[in-house]
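Enquirer: Once you've had a glance at the structure underneath, I'll fire off some questions.
Protein chains in written order, with the working numbering: chain A, 1 to 70; chain B, 1001 to 1144.
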């Protein structure tokens, strides 16, 4: 079975929204700036709840932020 | 660095320094003989030991760890904290295993271990637990 990876477009979406800072996204999504950094670097996979909050912070759907790749 | 990382780092450094102070005091005041026979030595070391545990308990781990908007820690911090218990458990197990093996070898022929040694076992196991948690948090962030 191939290893599944969850990738995200958080960094691109931040810059598309007036260069939103990591701290601002963290505040909107309810996580720390360090967690946003870890997410963007692919070092952390968020819970479903946090993933939905991040998508809501950007005003887009979950699939627009996160991709499931095998 | 997250607030939990900062707390763990300070707690680890303070814990190591405090442990070194305890060891130096223990040795300088006469070691195991003084600990067993001198009440003032035993009380002094016990008080310092309890103060160290209290510092670690109140400063090392955030009491009001909350998840969600506005919290001091978020879900990633909480998962690191949960995984840190594995390092904590290993530290305690290694400490106890080391003591049991050493004391067994030393006192096998006598058939009994002087009561002072279980006291020191307890102290060292609790110190290992406190330091292990701080170390586990720092390791957890490196690997996440």
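Think of the CB as a built atom: it goes at the ideal place given N, C-alpha and C, for glycine as much as any other residue.
#1: Which one or two residues does DSSP pair with residue 68 of chain A in a beta bridge?
#2: I'd like to know whether the C-beta of residue 35 of chain A is nearer than 7 Å to at least one C-beta of chain B.
#3: Checking contacts by CB at 7 Å: is residue 48 of chain A closer than that to chain B?
#4: Quick one: Cα of residue 1124 of chain B to Cα of residue 19 of chain A, how far?
#5: Show which residues of chain A have a CB atom less than 8 Å away from the CB atom of residue 1144 of chain B.
#6: Using DSSP with H/G/I as helix, E/B as strand and the rest coil, what is residue 1068 of chain B?
#7: Could you compute how far the alpha carbon of residue 1038 of chain B sits from the alpha carbon of residue 1122 of chain B?
#8: State buried or exposed for residue 1018 of chain B, treating a residue as buried only when at least 16 other CB atoms are found within 10 Å of its CB.
#9: Considering Cα atoms alone, identify which of B:1134, B:1022, B:1015, B:1120 is closest to residue 1085 of chain B.
#10: By DSSP, does residue 73 of chain A sit in helix, in strand, or in coil?
#11: Could you check the C-alpha separation between residue 53 of chain A and residue 1081 of chain B for me, to the nearest Å?
#12: Would you kindly check if the distance between the Cβ of residue 1117 of chain B and the Cβ of residue 1103 of chain B is under 7 Å?
Expert: Quick look at the numbers:
#1: A:6
#2: yes
#3: no
#4: If you take the alpha carbons of residue 1124 of chain B and residue 19 of chain A, they lie about 51 Å apart.
#5: Those within 8 Å of residue 1144 of chain B in chain A are 38, 43, 44.
#6: Residue confidence for residue 1068 of chain B is low, a pLDDT of 47 falling below 50, so the modelled location carries little weight and cannot support an answer.
#7: 19 Å
#8: When all chains shown are included, residue 1018 of chain B counts as buried.
#9: Relative to the Cα of residue 1085 of chain B, the nearest Cα in the group B:1134, B:1022, B:1015, B:1120 belongs to B:1134.
#10: Nothing can be reported for residue 73 of chain A, as the shown portion of chain A is limited to 1 through 70.
#11: 22 Å
#12: yes
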